[in-house]
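If you count the sequence shown from 1, you need to add 380 to reach the numbering used here.
C-beta: ideal position from N, C-alpha, C; glycine also.
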Amino acid sequence: MTGLAKIERQQFASTLMRVGPQAPTLCEGWRTKDLAAHVVLRERRPDAAIGVLLSAVAEHTQRVQDEYAEKAWPQLINMVQEGPRGWSPTRLPHMDDAINLVEFYVHHEDVLRAAPDWTPEHTRTLNADLQTALWARLKQAGQLMFRKSPTGVVLVTPSHGRCAVHRPTKNGTVVLRGEPSELVLYATGRTHVADIEITGEGEAITAFCELELGL
Numbered sequence: 381m382t383g384l385a386k387i388e389r390q391q392f393a394s395t396l397m398r399v400g401p402q403a404p405t406l407c408e409g410w411r412t413k414d415l416a417a418h419v420v421l422r423e424r425r426p427d428a429a430i431g432v433l434l435s436a437v438a439e440h441t442q443r444v445q446d447e448y449a450e451k452a453w454p455q456l457i458n459m460v461q462e463g464p465r466g467w468s469p470t471r472l473p474h475m476d477d478a479i480n481l482v483e484f485y486v487h488h489e490d491v492l493r494a495a496p497d498w499t500p501e502h503t504r505t506l507n508a509d510l511q512t513a514l515w516a517r518l519k520q521a522g523q524l525m526f527r528k529s530p531t532g533v534v535l536v537t538p539s540h541g542r543c544a545v546h547r548p549t550k551n552g553t554v555v556l557r558g559e560p561s562e563l564v565l566y567a568t569g570r571t572h573v574a575d576i577e578i579t580g581e582g583e584a585i586t587a588f589c590e591l592e593l594g595l
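Here it is in structure tokens:
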């Protein structure tokens, strides 16, 4: 059975090919060629990918990413489509979904929602299986994603229920409502394009909205 992450990977690659290497993205300072290079680096060069987290090797990471970004666009897209070289746990659909689904969904939206003519009305319709899988990832990783929240955080979706991902604090609690896909975008720092509703006491909302989130 084809995993959801593999489907999203192929759709992401198709979008990249359509828009070209110089299209904008939601990732500050990156064009599509940089985003594609980041994806390839993450899967094919773990020695360099660690620089995303460790500043001591960030220069090496940037150098390797730049080398990928300079490849011919069709070649780079082919590398995105193929994924890691050789055997990898992500060759197994359930492992691929666990490791890559959020990554490819978010980066696909990084391209789609950065288009100059994008509006919420242009948001693609996602199937129920993908929404369910994204909700599962949120429940698993939500505490990590919102670990620095100055308030309690409860996620609520129209069709998947609710999940508390950060316990209440002296500032109170906020409730984030939206589809799992939109909550994922918000949780990974795409706050200005995520279609969600935030409710709670005024002081709680003010404190929460100062939180910096990211993938």
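State yes or no: is the C-beta of residue i within less than 8 Å of the C-beta of residue j?
| i | j | result |
| --- | --- | --- |
| residue 579 | residue 555 | yes |
| residue 481 | residue 529 | no |
| residue 385 | residue 477 | yes |
| residue 558 | residue 577 | yes |
| residue 536 | residue 412 | no |
| residue 414 | residue 449 | yes |
| residue 393 | residue 479 | no |
Assuming residue i contacts residue j under a Cβ cut-off of 8 Å, what Cβ separation, rounded to an integer in Å, is found between them?
| i | j | result |
| --- | --- | --- |
| residue 485 | residue 518 | In fact, because the Cβ distance is near 11 Å, the residues do not count as touching under 8 Å. |
| residue 488 | residue 388 | 6 Å |
| residue 418 | residue 428 | That pair is no contact at about 10 Å. |
| residue 420 | residue 475 | So it is not a contact: roughly 19 Å between Cβ atoms. |
| residue 574 | residue 525 | Residue 574 to residue 525, Cβ: 13 Å. No contact. |
| residue 545 | residue 569 | So it is not a contact: roughly 15 Å between Cβ atoms. |
| residue 512 | residue 540 | 7 Å |
On the three-state DSSP scale, how would you describe residue i?
| i | result |
| --- | --- |
| residue 426 | helix |
| residue 544 | strand |
| residue 420 | helix |
| residue 386 | helix |
| residue 598 | Nothing in the structure corresponds to residue 598, since the chain is present only between 381 and 595. |
| residue 454 | helix |
| residue 552 | strand |
| residue 531 | coil |
| residue 558 | coil |
| residue 537 | strand |
| residue 501 | helix |
| residue 571 | coil |
| residue 578 | strand |
| residue 404 | strand |
| residue 471 | helix |
| residue 465 | coil |
| residue 381 | Confidence in residue 381 is poor, its pLDDT being 48 and thus under 50, which makes the residue's placement unreliable; the coordinate value appears in the next sentence. The answer is coil: DSSP assigns residue 381 none of H, G, I, E or B. |
Rounded to whole angstroms, what's the CA-CA distance from residue i to residue j? Just pull it up for me.
| i | j | result |
| --- | --- | --- |
| residue 531 | residue 589 | 10 Å |
| residue 504 | residue 493 | 10 Å |
| residue 405 | residue 560 | 21 Å |
| residue 632 | residue 435 | With the chain running from 381 to 595 in the structure shown, residue 632 is simply not present. |
| residue 400 | residue 442 | 21 Å |
| residue 551 | residue 581 | 9 Å |
| residue 410 | residue 445 | 11 Å |
| residue 572 | residue 499 | 12 Å |
| residue 402 | residue 462 | 22 Å |
| residue 542 | residue 408 | 31 Å |
Should residue i be listed as close to the ligand NAD, given that the test is whether its C-beta is under 7 Å from any heavy atom?
| i | result |
| --- | --- |
| residue 530 | As for the ligand NAD, it is missing from this structure, which has no ligand bound. |
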